[in-house]
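Peer 1: Those letters in the sequence shown? Residues 1 to 285, per full-length UniProt numbering, in order. Virtual Cβ for every residue (Gly too), placed ideally from N, Cα, C.
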Amino acid sequence: MRMAKIQLSGLRARGTHGVLDFEHAQPQEFVVDLKIHLDISRALQTDRIEDTISYAEVADVVVKVIEGEHCDLIETLADRIAARVHDLGATAVEVTLHKPHAPMDHKFADVSVTVETWGPSLDPDPLAVIAIGSNLDDPADHVRRAIDEVGAIADLIAISGLYRTAPVLAEGQSEQPDYINAVVMAATTLSPEELLAKLQKIENDHGRVREERWGPRTLDLDIITFGDVTSDDEGLTLPHPRAAERRFVLEPWLAIDPDAELAGQPVATLLAGLEEQQIELVEGP
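Rendered as structure tokens:
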């Protein structure tokens with residue numbers, strides 16, 4: 001399975017939605033931002049729009065919902081939009097519905113609600129955040145192949161670009177080549193332990209040798225978070241105990257999930273508090 005995310009921002013339409021009586025008759029503007037996750041495996045084979053979701057059709061559906069039957073609550077309206085987009089073949093949908101002219105007695109910039117929904121194939125499977133890194137034997141190739149291999153054991157929801165980063169070395173440790181890093185988000189029916197075992201097999205298939213802590217490696221796959229699971233097990237600590245200190249984890253992660261949190265802290269906040277570390281985006285998602 002190969003997952004993709006379509007984003008449609010700032011779609012405007014007018015509708016009669018709101019609690020107040022005049023809102024039932026007087027149309028006002030609503031603005032919609034959409035993130036649509038979908039399986040594009042078939043579309044990549046055929047290059048046919050019929051095998052993916054047309055953003056033009058999405059826009060038509062959203063406008064029709066907004067211009068259609070009245071809702072008192074924007075929460076209800078956002079959920080209706082999400083349901084109709086699911087009907088087009090989405091596996092997960094995030095709808096942010098803005099009501100910029102909401103009737104209030106105070107000055108404000110915006111009012112919005114965000115609804116996230118999952119189709120049967122993703123609900124209730126937890127999302128795992130997996131960090132990928134390599135600094136030996138064509139690291140970019142190892143990382144690209146590892147992404148595909150993770151996609152063979154879990155449903156990839158989001159994939160970051162590739163980042164070149166300086167290695168994190170212990171005091172007195174020999175110099176190493178730069179790393180290529182990426183982060184993916186994947187929905188899985190596996191348990192954390194089962195996922196770890198499969199990731200370690202992928203590492204081994206890439207020739208991973210575990211001789212030196214923080215030593216160079218052909219491939220490193222770390223589970224950063226696994227849904228809401230916490231674990232102090234020696235073999236698998238969740239969330240990852242050092243992820244909050246690693247720019248090469250946080251920066252790619254934030255790029256694919258701006259609302260990401262780690263141990264209850266926004267990843268954006270954690271990233272802003274880190275000392276500068278050498279990192280460069282070298283290949284887009």
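#1: How far does the alpha helix (DSSP H) with Arg80 in it extend, from its first residue to its last?
#2: Let's test the definition: count the other Cβ atoms within 10 Å of the Cβ of Arg217 and tell me whether it reaches 16, buried, or not, exposed.
#3: Drop a sphere of 10 angstroms on the beta-carbon of Lys99, count the other beta-carbons inside from all chains shown, and report buried for 16 or more, exposed for fewer.
#4: Using 8 Å for Cβ pairs, my map puts Thr188 next to Leu195. What's the rounded Cβ distance?
#5: Anyone know if the C-beta pair for Val129 and Val168 falls short of 8 Å?
#6: Quick check on the DSSP output: the alpha helix (DSSP H) that includes Ile256 runs from which residue to which?
#7: Quick one: grab the DSSP three-state call for Lys35.
#8: In chain order, what residues of the same chain have a beta carbon less than 7 Å from the beta carbon of Arg208, not counting five sequence neighbours either side?
#9: Sorted by chain position, which residues of the same chain lie with C-beta nearer than 7 Å to Ala260's C-beta, five sequence neighbours on each side aside?
#10: Residues in the same chain with beta-carbon distance under 6 Å from Cys71, minus the five sequence neighbours each way, listed in chain order, please.
#11: For Val31 versus Leu11, is the C-beta spacing smaller than 8 Å?
#12: Would you kindly work out how many angstroms separate the C-alpha atoms of Val25 and Gly119, rounded to a whole number?
#13: Check whether the Cβ atoms of Ile256 and Ser160 lie closer than 8 Å to each other.
#14: Could you tell me which of Gly89, Val85, Lys35, Ile36 sits nearest to Glu50, measuring between CA atoms?
#15: Kindly indicate the opening and closing residues of the alpha helix (DSSP H) around Gly151.
#16: For Val93 versus Thr117, is the C-beta spacing smaller than 8 Å?
Peer 2: Let's see:
#1: Within the sequence shown, the letter at position 80 stands for residue 80. First-last of the alpha helix (DSSP H) with Arg80: 74-87.
#2: To locate residue 217, count along the sequence shown from 1; it is residue 217. Counting Cβ neighbours within 10 Å, Arg217 comes out buried, since at least 16 surround it.
#3: Walking along the sequence shown from the start, residue 99 turns up at place 99. Looking at its Cβ environment, which holds 16 or more other Cβ atoms inside 10 Å, Lys99 is buried.
#4: Counting from one through the sequence shown, the residue named residue 188 turns up at place 188. Counting from one through the sequence shown, the residue named residue 195 turns up at place 195. Going by Cβ atoms, the distance from Thr188 to Leu195 rounds to 6 Å, so yes, they are a contact pair.
#5: Against the sequence shown, residue 129 aligns to sequence position 129. Against the sequence shown, residue 168 aligns to sequence position 168. It is not a contact, given that the beta carbons lie outside the stated cut-off.
#6: Against the sequence shown, residue 256 aligns to sequence position 256. Looking at the DSSP string, the run of the alpha helix (DSSP H) that includes Ile256 is 247-256.
#7: One-based indexing of the sequence shown puts residue 35 at position 35. Of the three classes helix, strand and coil, the one that applies to Lys35 here is strand, per DSSP.
#8: Locating residue 208 in the sequence shown gives position 208, where the first residue counts as 1. The beta carbon of Arg208 lies closer than 7 Å to those of Arg217, Thr218, Leu219 in the same chain, with the five residues before and after it left out.
#9: Here residue 260 refers to the residue found at position 260 when the sequence shown is read from its first residue. Within the same chain, Ala260 has close Cβ partners Trp253, Leu254, Val267.
#10: Your numbering for residue 71 matches position 71 in the sequence shown. Shown here for Cys71: same chain residues with a beta carbon closer than 6 Å to its own, the five before and five after excluded, namely His17, Leu77 in chain order.
#11: Along the sequence shown, one-based indexing puts residue 31 at 31. Along the sequence shown, one-based indexing puts residue 11 at 11. The Cβ-Cβ distance between Val31 and Leu11 falls below 8 Å.
#12: Residue 25 sits at position 25 when you count from the first residue of the sequence shown. Residue 119 sits at position 119 when you count from the first residue of the sequence shown. For the record, residue 25 in the displayed sequence is Ala; it is not Val. The straight-line gap from Cα to Cα measures roughly 34 Å.
#13: Stepping through the sequence shown from its first residue, residue 256 is reached at position 256. Stepping through the sequence shown from its first residue, residue 160 is reached at position 160. Closer than 8 Å, so yes.
#14: As a first step, residue 50 is located in the sequence shown; it is residue number 50 there, counting from the start. Of Gly89, Val85, Lys35, Ile36, the residue nearest in Cα terms is Gly89.
#15: Position 151 of the sequence shown holds residue 151. Unbroken alpha helix (DSSP H) run through Gly151: 139-151.
#16: Here residue 93 is taken as the residue at index 93 of the sequence shown, counted from 1. Here residue 117 is taken as the residue at index 117 of the sequence shown, counted from 1. In this structure, the beta-carbon distance from Val93 to Thr117 falls below 8 Å.
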